[in-house]
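Residue numbers (our numbering): 422 to 830.
Backbone N, C-alpha and C fix where the C-beta goes; we use that ideal spot for every residue, glycine too.
Note that this is a predicted model, so its numbers are computed, not measured.
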Ligand SMILES: [Zn+2]
Ligand SMILES: [Zn+2]
């Protein structure tokens, strides 16, 4: 039996949709009350078999290319009125869902092993989203600090949706139904791995995290999120994502970037080694604005705890009027940078010229949190002839590929 997942496509006060060649408009008329405009009826919920089309779906939310389009889906349409608005939900079997996800998340490629790797990762991820959560969120273990020094600790993990399992935008995995032709290679990759997921040494579904590039070594889970580590999310020395290794491949670095990155990310050539210069006065103002702690001019940035990849877990920010310690990984990236830093894997250099002009220079490595699969490394491995099993076992050591079996509630 196929697993059916509930994908939230639109949350809005009004939704326009077409089923069986007829266009309708649904309006939120209160909790559990949907008014279908063309027949004037109010219903508690509305269901119809696909294919169906949703009109004016927003894609690329919060990205510069955000736009609206009509999208067509297989499976079943379900409209509900909950939490103050309407939800258009697509109930679809997981393998059909994955064919669309792999087609829209990956650049078109003939590299079947890379597509199979992505299919197993995406399938494991979505199934994990649907499993009942049993882990209690514990308070974070804080670093040792100086007397009276404040620690600002924050982690961002995946927020669950209330009315469906996953959404259709980049927040979860991008899903556009059959609006665009499903890539035949993507279809082949999903079929070839049908029902297969990544399983850890205890027989549990793995947490299959990924990011753009590790920068040399992958990171432990606890460097970025809760203080519980999984045996398959441990530091791995990764020679594959190094720019020199990419340049030795047929097609070179450009070929790998085309496999991994969306068109708007391809300009990023400094994914492995990067440098960010921040003027001291700019940094001082930025930190004051973000943290509101009255630290005064920033005089130093001191890494207190680093993870195995070199990513800073806890960073002391020292100002003329005091200091604070911030962590973990993503908070550091957000506090120091205008958008956010490529990673928290950096060393700090202070420069001052004869005119009294001072700046911090961050010498960094990698792009993203570094936990789990390195996308650029995995693409490079696939071009070297490694199979999807080799790639997954390299980044998730001690894990294996196997059929999914649902947890007993
Ligand atoms: Zn989501
Ligand atoms: Zn890597």
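Bridge partners - residue i, DSSP secondary structure assignment
| i | result |
| --- | --- |
| residue 821 | 620 |
| residue 695 | 785 |
| residue 768 | 784 |
| residue 506 | 503 |
| residue 462 | 457 |
| residue 724 | 736 |
| residue 494 | 473 |
| residue 542 | None, per the DSSP bridge assignment. |
| residue 794 | 631 |
| residue 444 | 439 |
| residue 609 | DSSP, once it has assigned bridges, lists no residue as partnering residue 609. |
| residue 773 | 779 |
| residue 451 | Bridge partners of residue 451: none, in fact. |
CB of residue i within 9 Å of CB of residue j, strictly
| i | j | result |
| --- | --- | --- |
| residue 536 | residue 817 | no |
| residue 498 | residue 432 | no |
| residue 600 | residue 490 | yes |
| residue 603 | residue 521 | yes |
| residue 471 | residue 424 | no |
| residue 614 | residue 822 | yes |
| residue 627 | residue 791 | no |
| residue 766 | residue 731 | yes |
| residue 750 | residue 648 | no |
| residue 812 | residue 538 | yes |
| residue 740 | residue 705 | yes |
| residue 502 | residue 465 | yes |
| residue 588 | residue 728 | no |
| residue 757 | residue 722 | yes |
Helix, strand or coil at residue i [DSSP, three-state]
| i | result |
| --- | --- |
| residue 630 | coil |
| residue 673 | helix |
| residue 658 | strand |
| residue 523 | helix |
| residue 735 | strand |
| residue 530 | coil |
| residue 585 | coil |
| residue 809 | helix |
| residue 757 | helix |
| residue 740 | strand |
| residue 518 | helix |
| residue 679 | helix |
| residue 432 | strand |
| residue 709 | helix |
| residue 703 | helix |
| residue 603 | coil |
| residue 574 | strand |
| residue 596 | coil |
| residue 565 | coil |
| residue 653 | coil |
| residue 488 | strand |
Candidates the options: closest to residue i by CA position
| i | options | result |
| --- | --- | --- |
| residue 695 | 637, 671, 703, 648 | 637 |
| residue 802 | 673, 742, 700 | 673 |
| residue 646 | 701, 703, 753 | 753 |
| residue 572 | 755, 745, 796 | 745 |
| residue 787 | 751, 796, 733, 693 | 693 |
| residue 633 | 458, 691, 705 | 691 |
| residue 656 | 809, 666, 587, 642 | 642 |
| residue 679 | 794, 532, 568, 764 | 532 |
| residue 436 | 451, 477, 453 | 477 |
| residue 743 | 570, 460, 756 | 570 |
| residue 814 | 755, 794, 594, 826 | 794 |
| residue 762 | 781, 789, 770 | 789 |
| residue 671 | 629, 800, 560 | 800 |
| residue 525 | 809, 591, 798 | 591 |
| residue 523 | 514, 511, 778, 541 | 541 |
Exposure of residue i, with buried meaning 16 or more beta-carbon neighbours within 10 Å
| i | result |
| --- | --- |
| residue 805 | exposed |
| residue 577 | exposed |
| residue 828 | exposed |
| residue 654 | buried |
| residue 492 | buried |
| residue 737 | buried |
| residue 586 | buried |
| residue 716 | buried |
Cβ-heavy atom distance, residue i to ligand 4, below 8 Å
| i | result |
| --- | --- |
| residue 432 | Looking for ligand 4 in the displayed structure turns up nothing; the ligands present are ligand 1 and ligand 2. |
Cutoff 9 Å: residue i Cβ touching any chain B Cβ
| i | result |
| --- | --- |
| residue 785 | Absent from the structure: chain B. Only one protein chain is present. |
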